[in-house]
Structure formats: C-alpha cells, structure tokens
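Take a look at the structure set out below.
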C-alpha cells in the first residue's frame, strides 16, 4: 500500500484532514517512506529517531490527538483540522510533546 493511501486511512479513522498543501504533504510523505525503508515503520520524519525507544512517534504519534485538540495540527503538520486546512497556510511550529515527556 502506498504511503499516501495509508495516510488517508489514518486521517479517516481519526476524523482528521490530511495537509492540503501538496508540496508540504509530499515532503512529509517522502520522510515517512524513507523511515519505513530504514526502520520498517512510519516513524515521524520531523523528529530524530531511536528505533529502540521511539515507538511513541510512529505515525500517527501518541501525541497527535492532544496536538490536534490544542493546535489544530499534529507535530509535523501532516494531519490538520478542517478549520486549519481551510486557512490554506503552512503549519506552524508547535511544542514537541515527546521532549516534554522526557524522552
């Protein structure tokens, strides 16, 4: 299954919207594809990965729900709310909950 299809399924399952900005979305998809080849899992491409201890950042990361609620986007900006998608602008930088968790 293609990465883009997996991303669409994840978004549908969680009632999220996939980032509508094509260039931005494709950049994240490429990073996910590379991590799938390297690590065998869809590790978030926006963070450093330590395969042994970073299972919490396999897309969608465990922090995504809280980020979506608070910021309208996940950490990397691949998933956004409908309201954020309607703005048509690139995602903003948000705090990394993984770092706050002490990982």
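Numbering (the working numbering), first residue to last: 4 to 106.
The C-beta atom is built at its ideal place from N, Cα and C for all residues, glycine as well.
Following the continuous alpha helix (DSSP H) through residue 34, name the residue where it begins and the one where it ends.
Sequence index remark: in the chain shown, residue 34 carries index 31 (1-based). Here the alpha helix (DSSP H) through residue 34 covers 25 to 42.
Assign residue 98 to one of two classes, buried (16 or more other C-beta atoms within 10 Å of its C-beta) or exposed (fewer than that).
Translated into the one-based positions of the chain shown, residue 98 becomes position 95. It is exposed - the Cβ of residue 98 has fewer than 16 other Cβ atoms within 10 Å.
Residue environment, residue 20, which counts as buried when at least 16 other CB atoms sit within 10 Å
The residue labelled residue 20 in the question sits at position 17 within the chain shown. Classification of residue 20: buried, given that the 10 Å Cβ count is 16 or more.
Under the three-state DSSP convention, the category residue 83 falls into
In the chain shown, the residue the question calls residue 83 occupies position 80. Three-state result, residue 83: strand.
How would you write the range of the alpha helix (DSSP H) that residue 96 sits in, first residue to last?
Taking the first residue of the chain shown as 1, we reach residue 96 at position 93. Looking at the DSSP string, residue 96 is not in any alpha helix (DSSP H), and its letter there is neither H nor E.
Just the Cα atoms here: how many angstroms apart are residue 6 and residue 44?
By 1-based counting over the chain shown, the position of residue 6 is 3. By 1-based counting over the chain shown, the position of residue 44 is 41. Spanning the two alpha carbons is a distance of roughly 11 Å.
Considering only the alpha carbon of each residue, which of 80, 14, 102 lies closest to residue 26?
Here residue 26 is taken as the residue at index 23 of the chain shown, counted from 1. Considering only alpha carbons, the answer is 80.
According to DSSP, residue 101 sits in a beta bridge with which residue or residues?
Taking the chain shown and counting its residues from 1, one reaches residue 101 at position 98. DSSP output for residue 101 lists no bridge partner at all.
Buried or exposed for residue 18, going by 16 or more other Cβ atoms inside 10 Å?
Mapped onto the chain shown, residue 18 falls at position 15. Its Cβ having fewer than 16 others within 10 Å, residue 18 is exposed.
Can you find the residues in the same chain that come closer than 6 Å, C-beta to C-beta, to residue 100, ignoring five residues on each side of it along the sequence?
What you label residue 100 is simply residue 97 of the chain shown in a count that begins at 1. Cβ neighbours of residue 100 beyond the five flanking positions: 66.
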